[in-house]
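Enquirer: Numbering (the working numbering), first residue to last: 2 to 371.
Each residue gets a CB set at the ideal place from its N, CA and C atoms; glycine is no exception.
The structure under discussion is supplied below as structure tokens; questions concerning it will follow.
As structure tokens, this is what we get:
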């Protein structure tokens, strides 16, 4: 494929995104319109709002109509902090401005948009290599797959969460709804842990937190997340996981904010800030297993050794004992034209992570490596 900006040709350039890693890093201002268009097209396909694209970190301006400011409301659940005009939805698709009030279409204690299933232990959980749960033969993990996200990753490995009527139906009709109480009732005598993922649990954290409080005394509570939630919600997550012996796994997709905006449509500043917050929060507390875990998906052509070096150095400076997993990429979603992660790339990235001082670096999904 050829980079629209510099003309470089490589099979490590995504045709859908249209620009190479070098141009994202060194010529971002020029390629930003190309990136915005790719992000817009990817969301439009699933009837997701596009008005919040790449405005993170900039002062938001209330939209106008006929010279008058429209009535807006702000959502503060995640990094996007969407300013939503009347009749519109926020970036995740689950909040809507109805007559000047923020209405939660899903993601409350009363209604969560999700799928769930019993996942027999040991399982392929990203944190499985350091988790006590993978020693619990005969037990189950209650896997909760939330159908919404605060990011818009063009390489998403679980993009199928978008195939639900909230995205496909312009009337915003919802299916797969379940209350926190209903979900909690699926915890039985064989359930060892519950893990919230998706999509991402962030846009539906009120539902996940309400469920967790109902089962706190019976199971370990774990999370797989992009870490974009507000800090108040993060603290509640931390308290529940710590009390139950569970863990929080952050997907540190990038270190460079420009790369995050290009690949994920959203700034990673909140994610990095929240990771720092958790490393400080857990200091001095005794845990039975790793509490905070990080991972990075090795997207060929975009997440290279330099990016892994920056992420690993960031983690090591906070705590070199933090477990860090490098995951092989499988061609998916709008980056299906990229190759699978090569063994050479994976091993070089692992070596870099160890050289900066991480004591618990690991390769995951090794069966995918080529």
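According to DSSP, is residue 20 helix, strand or coil?
Expert: It is coil, neither helix nor strand.
Enquirer: Assuming residue 326 is part of the beta strand (DSSP E), what are its boundary residues?
Expert: Counting along the chain, the beta strand (DSSP E) containing residue 326 begins and ends at 324 to 329.
Enquirer: My guess is that residue 360 and residue 322 are in contact by the Cβ rule of under 8 Å, so how many angstroms apart are they, rounded?
Expert: 6 Å between Cβ atoms; contact.
Enquirer: Any idea what DSSP makes of residue 230, helix, strand or coil?
Expert: In this structure, residue 230 counts as strand in the three-state DSSP scheme.
Enquirer: Between the alpha carbons of residue 371 and residue 334, how many angstroms are there, rounded?
Expert: Rounded to the nearest angstrom, the two C-alpha atoms are 20 Å apart.
Enquirer: Tell me where the beta strand (DSSP E) around residue 280 begins and ends.
Expert: Counting along the chain, residue 280 falls outside any beta strand (DSSP E), though it belongs to the alpha helix (DSSP H) covering 270 to 283.
Enquirer: So, are the CB atoms of residue 109 and residue 204 less than 7 Å apart?
Expert: No, they are not a contact pair.
Enquirer: At 4 residues or longer, and completely inside the region 220 to 266: list those alpha helix (DSSP H) runs for me, N to C.
Expert: Entirely contained in the region 220 to 266, the alpha helix (DSSP H) runs reaching 4 residues are, in chain order, 232 to 245, 258 to 265.
Enquirer: Tell me whether residue 288 is buried or exposed, calling it buried when 16 or more other Cβ atoms sit within 10 Å of its Cβ.
Expert: Answer is exposed; the Cβ neighbour count stays below 16.
Enquirer: Are the C-beta of residue 207 and some C-beta of chain D separated by less than 7 Å?
Expert: Here there is only one protein chain, and chain D is not present.
Enquirer: Under a three-way DSSP split, which group does residue 198 fall into?
Expert: Strand at residue 198.
Enquirer: Do the region 263 to 279 and the region 75 to 87 touch if we need at least three Cβ pairs shorter than 8 Å?
Expert: The region 263 to 279 is in contact with the region 75 to 87.
Enquirer: Is the beta carbon of residue 263 less than 7 Å from the beta carbon of residue 5?
Expert: Their beta carbons are not under 7 Å apart, which means residue 263 does not touch residue 5 by this criterion.
Enquirer: Report the option in 196, 319, 185 whose CA atom is closest to the CA atom of residue 122.
Expert: The shortest Cα separation from residue 122 among 196, 319, 185 belongs to 196.
Enquirer: I'd like to know whether the C-beta atoms of residue 251 and residue 292 end up nearer to each other than 7 Å.
Expert: Result no, Cβ atoms of residue 251 and residue 292 do not sit closer than 7 Å.
Enquirer: What distance in whole Å lies between the Cβ atoms of residue 158 and residue 331, which are believed to be in contact at a cut-off of 8 Å?
Expert: That pair is a contact at about 7 Å.
Enquirer: Would residue 349 pass as a contact of residue 297 if the rule is Cβ separation under 7 Å?
Expert: No, Cβ-Cβ distance for residue 349 and residue 297 is not below 7 Å.
Enquirer: Helix, strand or coil for residue 367 per DSSP?
Expert: It is helical.
Enquirer: How would you call residue 202, buried or exposed, if buried means at least 16 neighbouring beta carbons within 10 angstroms?
Expert: Buried: at least 16 other Cβ atoms inside 10 Å.
Enquirer: From residue 76 to residue 105, what distance separates their C-alpha atoms?
Expert: Distance between the alpha carbons of residue 76 and residue 105: 10 Å.
Enquirer: How is the alpha helix (DSSP H) around residue 292 delimited, first residue to last?
Expert: Unbroken run through residue 292: none, as it is neither H nor E.
Enquirer: Going by DSSP, which residues form a beta bridge with residue 192?
Expert: Partner(s): 141.
Enquirer: With a CB to CB cut of under 6 Å and the five nearest residues on each side skipped, what residues in its chain are close to residue 2?
Expert: Here the set comprises 14, 16.
Enquirer: From residue 244 to residue 316, what does the alpha carbon distance come to, in whole angstroms?
Expert: Cα to Cα, residue 244 sits roughly 24 Å from residue 316.
Enquirer: Does the separation of the CB atoms of residue 228 and residue 148 fall below 7 Å?
Expert: Not a contact, by the Cβ cut-off of 7 Å.
Enquirer: Look at the Cβ atom of residue 241, then the Cβ atom of residue 222, and state whether they are nearer than 7 Å.
Expert: Their beta carbons are under 7 Å apart, which means residue 241 touches residue 222 by this criterion.
Enquirer: Would you mind working out which of 153, 274, 189 sits nearest residue 42, comparing C-alpha positions?
Expert: Comparing Cα-Cα distances from residue 42 to each of 153, 274, 189, the minimum goes to 153.
Enquirer: Rounded to whole angstroms, what is the Cα-Cα separation between residue 303 and residue 340?
Expert: Using only the alpha carbons, I get a separation of about 12 Å.
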